[in-house]
Amino acid sequence: MEFFIQQLVAGLTSGAIYACVALGLVMIFVSTDHINFAQGEMAMFATYLAWAMIDVGFSYWMAFVCAVLLAFVGGLFIQRVILKPLETAPVLSLVVCFIALLSFFNALAGMLWSFTIKPFPTPFPPKDIFGNGLVSAQQLGIVAVTVIMLGILTVFFRYTTLGLAMRAAAQNASSARLMGVRVSWMLALGWGLAAAIGAVAGMLVAPIVFLDPNMMTGILVYGFAGALVGGIGNPMGAVAGGFIVGVLENLVGSYLIGNELKLSFALAMVVGVLLLKPAGIFGQVIVRRV
Amino acid sequence: MAAILDVKGLSAWYGPIRALYDLDLTIEQGGVTALLGANGAGKTTTLRAICNMTRRAGTTTFDGKDISKFTTEDIVRLGIGQVPEGRGTFTGLSVDENLRLAFHIRKDRAEAMRDMDLVFELFPRLKERIKQQAGTLSGGEQQMLAVGRALMLAPRLMLLDEPSFGLAPLIVQEIFRILKRINVEKKVSMLIVEQNAALALELADHVYLLETGRVVTQGPSELVKNDETLRKAYLGY
Amino acid sequence: MKLARRSALLGAGLTILSREGRAEKKYGPGVTDTEIKVGQTQPYSGNASAYGVAGRNQAAYFRMINETQGGVNGRKINLISLDDGYSPPKTVELVRQLVERDQVFCLFYTLGTQTNTAIHKYVNQKKIPHLIVASGASKWGNPKQFPWTMGWQPDYHTEGLIYAKHLLATNKSPKIGILRQNDDMGNDYVEGFHEGLTETLKKFIVSDVTYEATDPTVDSQILQMRNAGADVIFNVTTPKFAAQAIKKIAEIGWKPTHYLVSVAASVGAVMRPAGVENGQGILTAQYLKDVTDPRWDDFPDVKEWRAFMAKWNPTANVLEGSNASSYAAAYAFVRILKSCGDELTRENLMRQAANIKNMEVPLMLPGIKVNTSPDNFYPLQSMQLARFEGDHWVLFGDMLSRHKG
Amino acid sequence: MAAIDNSWATKGGLGWIATTFWVLLAVGPLAGFFTQDPSFEYYMFMGQSMLINTIAILGLNLLIGFNGQISLGHSAFFAIGAYTTAILMNFAGWPYYATIPVAAIICFGAGFLFGFPALKLEGHYLALATFTLAIAVPQLLKYKAIAGWTGGVGGLILDKPDAPEFTRLGTDQYLYYLCLILAMLSFWIVRNMLRGRSGRAMMAIRDHAMAAGTMGIDTAKYKTLTFGVSAGITGVGGALSAITVAYVAPDSFTLQLAVSFLVGLVVGGIASLPGCLVGGAFIVLIQNSSQSISDWMKVTFSLRYDVPAWAIYGILLILLMYFMPRGIMGGIETLWLKLTHRKETQA
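Chains as they are written, first to last, in numbering that gives the first Met the number 0: chain A, 0 to 289; chain B, 0 to 236; chain C, 0 to 404; chain D, 0 to 346.
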């Protein structure tokens, strides 16, 4: 039983990591209707920026804030400069652009900072919460920050007109223009916010998995699955989905089929869920009347 | 009466295909103008071209201001509300959210709230479904929502693209009655594209007849209504 | 044999053309009077890109040889190092490009087990020297079947065996947990470890858990091992996961005896990121000097290496283990090339490579010498155990190898 | 996905370009009889890789371009094809050529079965499901229970077949022709499929899924069948890759492979048959070109750092999408339409 709880908690904490990444994916999805495969690498890059700032003597929080701001501007810039000309291109051409961005950031980070892992500082004390190695302050911190970000996002999308305008722009761009929404800027804003969320996620994850250019590759897969299983149009669902995937993966690995196939199996279960609930567990089905 | 919208030499393209040829069009302040013609005559294109939603040439003057180079968003912000073809419903948003979307360009929140009340007064059925996902509404309700959304922008000119399309006659009647009310009470000028010419002629005071991207004739609606050859040739009744 | 010995002698001091040299000036493909073309594949991108450090460092080494010594016997080494992203089909394509289009003289330090497996047969059919393979699999030392391929570092199998022997000597009834990457490296190490435990004592293994290179963390696996009651762990991981494991184990307050494989024992790439305080007492085996250990500071080879790094590869991280191992390998390679004299044929290169007698290579632990023979294609076989103390590895015990261990 | 006019791709229009291309592909390697260039065989090998990628992309294009179902997991079918061939050659001693149809059939079956759950998933969700496949297959190949057959993490080493005596061809020249013939066969099959009833049904489903259903098209049947055929064709590519590389290993079939197929497809041109050839060549050449550009930059600007080839690759891809958002064949088509259109208006 204790082992079960341990694995459950380990699952929840890795779930928090996935949830964090899933939030960034949801942000871009909600505001642009795309799944950004470069989300992980953008987060990684922002984390490196923070690392570089700390390296030259910035305080942690100073670097944290600067990295988030830089990421925001960077995301905005990517949308304005690279993706804007492609607004009318087919979806798959955009996917190729995301893949290109992924390659670019990964290679660039490797060039600038090498592929050797680096430790990344954490704002949380190196403390064990219950004294039995179950939950560290870092892990609790990730969960807390994820939940806070979720709260902010939910409020933003649900209760502010700007959030509403962003959702509208993503769902039906031409109709949104006719409501006076500056669609192109909404997309850019979405990218900026997603990049900022990614930066936060990256800086939370890095102390655990260590900073390296491939840091987010594996995590993105889980984040992607989490976002979809929870319902990618819904921040709350995505976070829940991230936790579900984390717990599922750990329990499957420990009890069902061993570690070799745990990712495959967890993903297969996710797909199974999607077969039964095509819009994700918490996603709303968009009903269309013909 | 001064013209609220003045269009000179308007041409438009769909991809490589030209859809409008040097169209001239004027809408009087407070008037209702109908744009009639067969399928493919270029009616929808005209509405889209006015709002700069397609490749176009020519000048558009709105309330004395040249808006030819303006983006769609800015044109809308100046006070042109369009009810687009296919209703443009935000299917994933609730009815309430569909309407509240206009808040982000309205500076006068109190005024906007009053407009929202007006929409619900005009379309009580929308109020009943206020929290419902807009995609689940019926066609008629979605049409009402589209008109309501445009109204929320506090427009001085409304462009309506086939408000009767695919709706039961009773609902069509209702919508047109409400449009009349909006025109009279809110002093909103209108440019209305319709297949249902008879209905449009009831509402409109001025008519343009379009054929393959060109204006064939135009004049007060009474004139067209009474010209049987014209009606037979272009409107099919 | 006779011929080989003569050329070996020649190689020792030959820079000017001697009478014998003129007579034997024979070139294979990729060699001219001024150049020797050498091919290499490295994972500069992809999951294993952390290893790409080696190729860059070797390029710097050859640049140094070319510029300060005028190359090898007057011929500059032209290293063509290509990125295979750790993907076997890509390696095949690139090696064919190197061999057939670029006409390289030989392959050197191609990195990875699956990637080298993919070209193993091809290079032997084509009779291309495939030297100092950068992988610890034991299959590179099979001159009967694959006379053109030769490994380098002590193989994983032997290393695994060394740990098992040490464990059995110090702990009569251990409960062993194995954490391993689910790939060839993991398998080779664990097979050697099993061999060392012997069939009957394999029951000491209470938990054998794997992870994939794409997994975000190994937290769950570590809890599994602890839950199985392990008090010894055999940590067969790549640097990133090694660092994660060390940190996590310390975090949960677990204190097992910890054997860490040499590929993940870099001070700069693993122990420091994981936090040196978390790594105290971890055991590993080494064949190279730990350059972070001040005790080697006054050794001339370490000084020379430091000077090299500072001048020729200044952007690299000197704490990273690869920068030492790849340097040693490049040094040995240049020595082998030198020993070929002017007879730079592929056959002679293999002959020289297969007749190394007590070659001393910089950065190797004192007492370790490189030896090969036509039926021994394992250049390095000895390792010594070390324990992490303070901020570096401290050697202890005897030099161990498969035969003596 | 918006409706794509692909009449030009399947018939008439630029057809003569494609024909010329095929003839060149068939005649080019004969140069091997006249050249002493030692790198000739290497170029033949590159040619094989390009054709193999072409076949894989063709399979993917059938699914994505012509039927509107997305797949991020075609590396899985490629792997199944490759391992089918490898296992049959290695354990059953089958000749290489006999394994190819079996690989095609097994992949067809796998794809067909996968097509059923795919029926219930759309867009991003289907992307995730297929993505799962791409991740699961390499892990499954390593799984202990079947490692005896797959060779586990070490993979299987195969014998590269020699050219039959009578052909007088070199090994790689011969394998090139093997790939070419199978590529042509695959194109022929796909082209006939697209021109017939089934093709119209497939495209109707892509363009108007609901309408197609109401028009009496058995959507489920066509979608699952398309999935099967798509997987089967990609599987043939996998089988050929096992034969030409003479080695299969789990690391050869990672998600990156699936991504590169997708990149090749989009760069070549979605729903364009000649685009598959362009895409197949592209993904082989781009990496080498990026490397060359990187080397060139380092020398020309005497940089201290290596400019990473993958960063250049990223930039090249973005530029390509910028100038030709519908891929290379899409770009050519736009140009072609512009030229012909001008002619018409002048007439």
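A virtual CB, placed ideally from N, CA and C, is assigned to each residue, including glycine.
The structure presented is a predicted model; accordingly, all values stated were derived computationally and were not measured.
{"Query": "Secondary structure, beta strand (DSSP E): runs of 3+ residues fully inside the region 134-186 of chain C", "Result": "175-180"}
{"Query": "At least three beta-carbon pairs within less than 8 Å, the region 137-154 of chain A to the region 73-93 of chain A", "Result": "no"}
{"Query": "Cβ-based contacts, 8 Å cut-off: residues of the region 48-81 of chain C near chain D", "Result": "Arg55, Leu81"}
{"Query": "Cα-Cα separation between methionine 398 (chain C) and threonine 283 (chain C), rounded to whole angstroms", "Result": "13 Å"}
{"Query": "Separation of lysine 125 (chain C) from leucine 193 (chain D), as counted between CA atoms", "Result": "45 Å"}
{"Query": "Beta carbon proximity, lysine 125 (chain C) to chain A, threshold 7 Å", "Result": "no"}
{"Query": "Three or more C-beta pairs below 8 Å linking the region 116-128 of chain D and the region 94-103 of chain D", "Result": "no"}
{"Query": "Test item: CB-CB of glycine 134 (chain B) and threonine 90 (chain B) under 7 Å", "Result": "yes"}
{"Query": "Span of the alpha helix (DSSP H), counted from its first residue to its last, around valine 132 (chain C)", "Result": "No alpha helix (DSSP H) holds valine 132 (chain C); DSSP gives it neither H nor E."}
{"Query": "Amino acids of chain B, ordered along the chain, whose beta-carbon sits closer than 7 Å to that of arginine 79 (chain A)", "Result": "Those do not exist, as arginine 79 (chain A) stays about 15 Å from chain B at its closest Cβ, beyond 7 Å."}
{"Query": "Straight-line gap, tryptophan 309 (chain D) to glutamate 110 (chain B) (C-alpha atoms, nearest Å)", "Result": "55 Å"}
{"Query": "Residue(s) in a DSSP beta bridge with tryptophan 304 (chain C)", "Result": "Beta-bridge pairing links tryptophan 304 (chain C) to no other residue."}
{"Query": "Identified DSSP bridge partners for asparagine 375 (chain C)", "Result": "C:Ser372"}
{"Query": "Isoleucine 26 (chain B) vs serine 188 (chain B) beta-carbon contact at 7 Å", "Result": "yes"}
{"Query": "Where the region 167-178 of chain A meets chain B: residues whose CB sits under 8 Å from a CB there", "Result": "Ala167, Gln170, Asn171, Ser173, Ser174, Ala175, Arg176, Leu177, Met178"}
{"Query": "Close Cβ partners of serine 74 (chain D) (< 6 Å) along its chain, the five nearest in sequence each way excluded", "Result": "Ala133, Phe252, Leu256, Ala257"}
{"Query": "Reference asparagine 72 (chain C); option with closest CA among C:Ile79, C:Ile64, C:Leu78", "Result": "C:Ile64"}
{"Query": "Whole-Å CB distance - serine 301 (chain D) paired with isoleucine 282 (chain D), under 8 Å assumed", "Result": "Going by Cβ atoms, the distance from serine 301 (chain D) to isoleucine 282 (chain D) rounds to 31 Å, so no, they are not a contact pair."}
{"Query": "Selection of the region 225-259 of chain C by Cβ proximity to chain A, strictly under 8 Å", "Result": "Asn226, Pro238, Lys239, Ala242, Gln243, Glu250, Ile251, Gly252, Trp253"}
{"Query": "Rounded separation between phenylalanine 131 (chain B) and serine 93 (chain B) - CA only", "Result": "Note that residue 131 (chain B) is glutamine in the sequence shown, not phenylalanine. Rounded to the nearest angstrom, the two C-alpha atoms are 5 Å apart."}
{"Query": "Backbone CA spacing between glutamine 290 (chain D) and proline 307 (chain D) [nearest angstrom]", "Result": "8 Å"}
{"Query": "Cβ contact check for the region 254-268 of chain A and the region 206-221 of chain C: 3 or more pairs under 8 Å", "Result": "yes"}
{"Query": "Closest residue to asparagine 213 (chain A) among C:Val333, C:Ala49, C:Thr157 (Cα-Cα distance)", "Result": "C:Ala49"}
{"Query": "Assumed close pair glycine 64 (chain D), alanine 270 (chain D) - CB separation to whole angstroms, cut-off 8 Å", "Result": "3 Å"}
{"Query": "Other residues of its chain near glycine 12 (chain C): CB distance less than 8 Å, five sequence neighbours each side excluded", "Result": "Residue placement at glycine 12 (chain C) is flagged as unreliable, the pLDDT there being 41, under the threshold of 50; a coordinate-derived value is accordingly withheld."}
{"Query": "Range covered by the beta strand (DSSP E) that runs through glutamine 380 (chain C)", "Result": "Unbroken run through glutamine 380 (chain C): none, as it is neither H nor E."}
{"Query": "7 Å Cβ cutoff met for glycine 227 (chain D) and threonine 218 (chain D)", "Result": "no"}
{"Query": "Proximity below 7 Å, CB of alanine 323 (chain C) to CB of leucine 362 (chain C)", "Result": "yes"}
{"Query": "Beta carbon proximity, proline 163 (chain D) to chain C, threshold 7 Å", "Result": "no"}
{"Query": "Proximal chain A residues relative to alanine 324 (chain D), where beta-carbon distance stays under 8 Å", "Result": "Looking at the sequence shown, residue 324 (chain D) is not alanine but proline. Within chain A, the residues near proline 324 (chain D) are Leu85, Thr87, Ala88, Pro89, Ser92."}
{"Query": "Extent of the continuous beta strand (DSSP E) run through tyrosine 13 (chain B)", "Result": "2-13"}
{"Query": "Lysine 261 (chain A): first and last residue of the uninterrupted alpha helix (DSSP H) it sits in", "Result": "261-275"}
{"Query": "Under 9 Å by beta carbon: chain B residues contacting alanine 239 (chain A)", "Result": "Those do not exist, as alanine 239 (chain A) stays about 19 Å from chain B at its closest Cβ, beyond 9 Å."}
{"Query": "Spatial neighbours of alanine 22 (chain C) in its chain, beta-carbon cut-off 7 Å, leaving aside the 5 residues before and after", "Result": "Low local confidence applies: a pLDDT of 48 at alanine 22 (chain C) is under 50, so the model's placement there is unreliable, with the coordinate-based value given in what follows. So the list is empty, once near-sequence residues are dropped."}
{"Query": "Limits of the unbroken alpha helix (DSSP H) element including threonine 153 (chain A)", "Result": "136-158"}
{"Query": "Among C:Asp218, C:Pro378, C:Lys89, the one whose alpha carbon lies nearest that of glutamine 351 (chain C)", "Result": "C:Pro378"}
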